[in-house]
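Written below as structure tokens is the structure these notes are about.
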DNA sequence: TTCGTCCTCCCCATAAATAGCGAGGGCGAA
DNA sequence: TTCGCCCTCGCTATTTATGGGGAGGACGAA
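Residue numbers (UniProt numbering), protein chains in the order written: chain A, 1 to 237; chain B, 1 to 237.
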């Protein structure tokens, strides 16, 4: 397995476009001998990209119905660091059961897990493996392959980031220290007068920083500026 | 090496407190036979924790001078997904050179790299390896050990999260879909009337959602609420 | 059924942020 | 040295957000 992973990662490095990445995902599915493989990324500014082996029908329905909002796997993975085993989630409520029925209908296997991956600027991706086998076999599979899959997931994400913007680095404008201070304090919940007091400057000066930051970031207003700065990892809080 | 990593991860699972984690870092440093090892985490709400082998003096100075704001390694790692090789950074400007001189003075080796690790709710950690050896040897070391170190870093972070709050799950309040919609649009730069128009509801209704979200999140104002929601990964944008 | 939560709508007064005009000194790069 | 950027301060007017009070229907869980 380790050898296979190494080979897969090397093949991955050769992918130059999102199409090739999709092809890679399909080949990797065959190599791993599982039912489905999904890489799905959402970047901090709302752009989405997926490379997956699900049927086009299921993908279309998932997107159209905005299932990401109710999919228990997505909801759980967003709050966790560890891989999420699908069978260990709460499928008891009505929406979850309906969703699961639809998923099985669309050809998904009953076993699966999803690996949350987070990148810079609020980027979030899920690398999911889906399979059709007895629970014990699935248990063995996941335990033995998890380290390799974690590594693979991270490399895929890194590759996707690199393809998307030529590097995995977030392009970010430079804010001056004071501008960062100002936005940080606002993000922490202070209003302008409190923030100015904290920085021991006049409220007007603080305002100048906010305006300047807004201008640099191309933000429409303060809320927007803070959100953008957070997305770009400019605020240490 | 792979065997060592496996053993280390198993030992890691047995740590039950932050002190034990610190002890683990020290032992791991000896096992890896490197100069220094650092795990440093910042959670979304500003809490910090570090387990490291640096001298107490250097740590005290780093914290007192708020070096995280100027440390080129930290600044670069925040915008990247891949490990950051210290030697490949820009050390040319004045502050960076002064910082490097101080670091070398404090007993750090010239070689090093840092692995950015991101958890839920805006959590960010750096797992850094520092060593004292010729550049070519360092090159070989990093190349051969990188996969293991990535795995180790993630396990350490997971362990730290688990120790800190009993699980790696983020306790987060539930926002209703409309509340999420409202905050998301505000974060995207729209004002209330525009956001209301987008959602085809009255501006007043939108306001109710924002207030409700503010209340649930315990936020002082809208900017704060958006920042908190982003930190908790509640906004998909 | 009842309770809680969510979604939707309205008015009014006050607090806060935004937009516009200024000004001057410091400090580094070209 | 000049140009640009950063830091600092003041005034005024307008727009926008917040806080307080209401109200009703839908829907799911206990």
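Think of the CB as a built atom: it goes at the ideal place given N, C-alpha and C, for glycine as much as any other residue. This structure is a prediction, so every number in the text was calculated from the model and none was measured.
Which residue or residues does DSSP assign as beta-bridge partners of residue i?
i                      : result
residue 161 of chain B : Residue 161 of chain B is not bridged to any residue.
residue 114 of chain B : B:84, B:128
residue 209 of chain B : None; residue 209 of chain B has no bridge partner.
residue 38 of chain B  : B:52, B:128
Just the C-alpha distance for residue i and residue j, rounded to the nearest angstrom, thanks.
i                      : j                      : result
residue 182 of chain B : residue 175 of chain B : 10 Å
residue 213 of chain B : residue 126 of chain A : 27 Å
residue 178 of chain B : residue 203 of chain B : 13 Å
residue 209 of chain A : residue 195 of chain A : 11 Å
residue 38 of chain A  : residue 94 of chain B  : 46 Å
residue 234 of chain B : residue 133 of chain B : 45 Å
residue 53 of chain A  : residue 25 of chain A  : 7 Å
residue 207 of chain A : residue 188 of chain A : 16 Å
residue 112 of chain A : residue 130 of chain A : 4 Å
residue 66 of chain B  : residue 74 of chain B  : 12 Å
residue 51 of chain B  : residue 31 of chain B  : 16 Å
residue 106 of chain A : residue 49 of chain A  : 20 Å
residue 221 of chain B : residue 232 of chain A : 22 Å
residue 69 of chain B  : residue 122 of chain A : 20 Å
residue 128 of chain A : residue 193 of chain A : 47 Å
residue 218 of chain A : residue 225 of chain B : 21 Å
residue 170 of chain A : residue 215 of chain B : 33 Å
residue 136 of chain B : residue 154 of chain B : 27 Å
residue 162 of chain A : residue 168 of chain A : 5 Å
residue 143 of chain B : residue 35 of chain A  : 33 Å
residue 99 of chain A  : residue 47 of chain A  : 24 Å
residue 148 of chain B : residue 42 of chain A  : 27 Å
residue 146 of chain A : residue 110 of chain B : 34 Å
residue 138 of chain B : residue 85 of chain A  : 38 Å
residue 64 of chain A  : residue 92 of chain A  : 24 Å
Would you say the beta carbon of residue i is closer than 7 Å to some non-hydrogen atom of the ligand FMN?
i                      : result
residue 193 of chain A : As presented, the structure is devoid of all ligands, the ligand FMN included, so that no description of it is given.
So that I know if they touch, is there some Cβ in chain B lying closer than 8 Å to that of residue i?
i                      : result
residue 89 of chain A  : no
residue 111 of chain A : no
residue 156 of chain A : no
residue 310 of chain A : Any property of residue 310 of chain A remains undetermined from this structure, which presents chain A solely from 1 to 237.
residue 172 of chain A : yes
residue 122 of chain A : yes
residue 64 of chain A  : no
residue 15 of chain A  : no
residue 23 of chain A  : no
residue 233 of chain A : yes
residue 126 of chain A : no
Where does residue i sit, in a helix, a strand or coil, going by DSSP?
i                      : result
residue 107 of chain A : coil
residue 231 of chain A : helix
residue 64 of chain A  : helix
residue 19 of chain A  : helix
residue 33 of chain A  : coil
residue 146 of chain A : helix
residue 216 of chain B : helix
residue 89 of chain B  : coil
residue 169 of chain B : coil
residue 175 of chain B : coil
residue 184 of chain A : helix
residue 190 of chain A : coil
residue 198 of chain B : helix
residue 71 of chain A  : coil
residue 225 of chain A : helix
residue 78 of chain A  : helix
Taking only beta-carbon atoms, is residue i less than 8 Å away from chain A?
i                      : result
residue 85 of chain B  : no
residue 78 of chain B  : yes
residue 226 of chain B : yes
residue 168 of chain B : yes
residue 142 of chain B : no
residue 72 of chain B  : no
residue 186 of chain B : yes
residue 205 of chain B : no
residue 244 of chain B : Examination of residue 244 of chain B is not possible in this model, given that chain B is present from 1 through 237 alone.
residue 51 of chain B  : no
residue 147 of chain B : yes
So residue i packs on residue j, CB below 8 Å; how close in whole Å?
i                      : j                      : result
residue 7 of chain B   : residue 152 of chain B : No, residue 7 of chain B and residue 152 of chain B are not in contact; Cβ-Cβ is about 11 Å, not under 8 Å.
residue 81 of chain A  : residue 157 of chain B : 7 Å
residue 116 of chain B : residue 96 of chain B  : Contact flag wrong, Cβ pair sits at about 19 Å.
residue 160 of chain B : residue 21 of chain B  : 6 Å
residue 77 of chain A  : residue 230 of chain B : Residue 77 of chain A to residue 230 of chain B, Cβ: 17 Å. No contact.
residue 118 of chain B : residue 118 of chain A : 4 Å
residue 223 of chain A : residue 186 of chain B : 5 Å
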